[in-house]
Amino acid sequence: MTLKDFSFARGGVLAALVLSLGCSSNSETVPVHGHVLLNGKPLANAEIIFQPEGKRASIGQTNKEGYYELTFTAMQEGGVVGLNRVMITKEAGGPDGDEMIPRQYNVDTELTADVVESGDNEFNFDLKSDRKTRGVARAKK
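Letter by letter, the sequence shown follows residues 1 to 141 in my numbering.
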């Protein structure tokens with residue numbers, strides 16, 4: 001990924017977050033959690049964003065086992081009920097590093113998650129990164 005691609009990808013994810021901050025925060029949220037893998041291995045320190053249509057996004061960060069839990073606001077945990085676009089991003093080597101995750105998982109995301117009002121909202125993502133081919137990931141409930 002070139003520096004220009006990286007800046008565009010990062011900017012797109014940040015723009016989605018900024019736009020969501022202005023939206024009302026009185027949405028119904030429920031606990032959302034899961035694991036993120038990259039090529040079958042836990043992906044640590046990645047940001048995961050669940051963006052419902054027309055509503056504020058929920059954000060989480062993976063730990064060393066790739067586990068995340070979503071936060072809606074400082075005072076409200078969870079994700080918004082309904083269909084969410086899912087974006088996953090991680091910089092290599094600190095804040096000035098290249099984006100490690102292929103575009104189809106963040107700025108051009110193919111990922112979605114249908115958060116339900118009752119039941120277990122566990123969404124696991126196994127991302128594939130191969131410079132020769134684009135990988136495919138699907139949420140596993």
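All C-beta atoms, glycine included, are put in the ideal place defined by N, C-alpha and C.
Exercise. Would DSSP call Arg-103 helix, strand or coil?
Worked result: Along the sequence shown, read from residue 1 onward, the residue named residue 103 stands at position 103. DSSP, read as helix, strand or coil, puts Arg-103 in helix.
For this session: Just list the beta strand (DSSP E) runs in the stretch 25-110, keeping only unbroken ones of 3 residues or longer that don't cross its boundaries, in chain order.
Result: Qualifying beta strand (DSSP E) stretches, in chain order: 33-38, 47-52, 58-61, 67-69, 71-73 and 82-89.
Problem set entry | Selected residue, minimal CA-CA separation from Met-100, among Gly-82, Asp-120 and Asn-39 | For the purposes of this step, residue 100 is taken as residue 100 along the sequence shown, with counting starting at 1. For Met-100, the nearest C-alpha among the options comes from Asn-39.
For this session: Can you give me the start and stop residues for the beta strand (DSSP E) that Phe-125 sits inside?
Result: Against the sequence shown, residue 125 aligns to sequence position 125. Counting along the chain, Phe-125 sits inside the beta strand (DSSP E) bounded by residues 125-127.
Exercise. Tell me which same chain residues have a C-beta within less than 8 Å of the C-beta of Ala-74, skipping the five on either side of it?
Worked result: Here the question's residue 74 lines up with position 74 in the sequence shown. Shown here for Ala-74: not one same chain residue has a beta carbon closer than 8 Å to its own, the five before and five after excluded.
Problem set entry | Test item: CB-CB of Gly-66 and Pro-102 under 7 Å | What you label residue 66 is simply residue 66 of the sequence shown in a count that begins at 1. What you label residue 102 is simply residue 102 of the sequence shown in a count that begins at 1. At a Cβ-Cβ threshold of 7 Å, Gly-66 and Pro-102 do not count as neighbours.
Exercise. How long is the line joining the alpha carbons of Gly-34 and Tyr-68, rounded to whole angstroms?
Worked result: In the sequence shown, counting from the first residue as 1, residue 34 sits at position 34. In the sequence shown, counting from the first residue as 1, residue 68 sits at position 68. Note on geometry: alpha-carbon atoms of Gly-34 and Tyr-68 lie some 6 Å from one another.
Exercise. Tell me which same chain residues have a C-beta within less than 6 Å of the C-beta of Val-116, skipping the five on either side of it?
Worked result: On the sequence shown, position 116 is the one that residue 116 refers to. For Val-116, there are no CB contacts under 6 Å within the same chain when 5 residues up- and downstream are skipped.
Exercise. What's the gap between the Cα of Ser-83 and the Cα of Thr-109?
Worked result: By one-based count along the sequence shown, residue 83 stands at place 83. By one-based count along the sequence shown, residue 109 stands at place 109. The amino acid at residue 83 is misidentified as Ser; the sequence shows Leu. Those two C-alpha atoms are separated by around 14 Å.
Problem set entry | Glu-117, DSSP secondary structure in three states | Looking up residue 117 in the sequence shown gives position 117. Look at Glu-117 here: in three-state DSSP terms it is coil, with no helix or strand label.
Exercise. Nearest-angstrom Cα distance between Lys-90 and Asp-120?
Worked result: The residue you call residue 90 lines up with position 90 of the sequence shown. The residue you call residue 120 lines up with position 120 of the sequence shown. Spanning the two alpha carbons is a distance of roughly 26 Å.
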